[in-house]
Amino acid sequence: MVVGVRFGDVSDMADVLLAADLAARLDAHLVLIATMDRWSRWARWTAGVYCAFGVETVMCAARIAEEETREELERRLRSLLDLVGVDWSVQWATGSPRRAAVRYTRRHPDAMVILRPERAR
């Protein structure tokens, strides 16, 4: 079972809990496709630009901030999914979590994907 998650979106955490419950009932492995928000990709890009000009500490700071963000998400997911008791893992991707989930299922055709309908803007 595959679920796409954008870090920090509370409604996605509710979807994760529902998917975890379903995966536990089906005795399935839950794969969470997590994507970073635009700010962290921008931080990596600017770090690369500054590093090109010789400021290596900016790159190091951006990498540390990204690692802390990933650790925070995994901590939040662990505390949430421990309530359900399901076997799970996180796959990190860039861009849309929906497209990343579809790419994952191309590599793993036996996976079941849960996609929330797009919200009207």
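For the sequence shown, my numbering gives the first residue as 1, with consecutive numbering after it.
Built from N, CA and C at the ideal position, the CB exists for glycine as well.
In terms of CA proximity to Arg25, Val86 leads the group Leu32, Val86 and Leu80. Exposed is the label assigned to Thr94, since fewer than 16 other Cβ atoms lie within 10 Å of its Cβ. A Cβ-Cβ contact shorter than 7 Å links Ile33 with Ala100. Of the candidates Leu77, Pro97 and Ser96, Leu77 places its Cα closest to the Cα of Ser89. Within the DSSP bridge table, the entry for Thr94 names no partner. When beta bridges are read from the DSSP output, Val86 appears opposite no residue.
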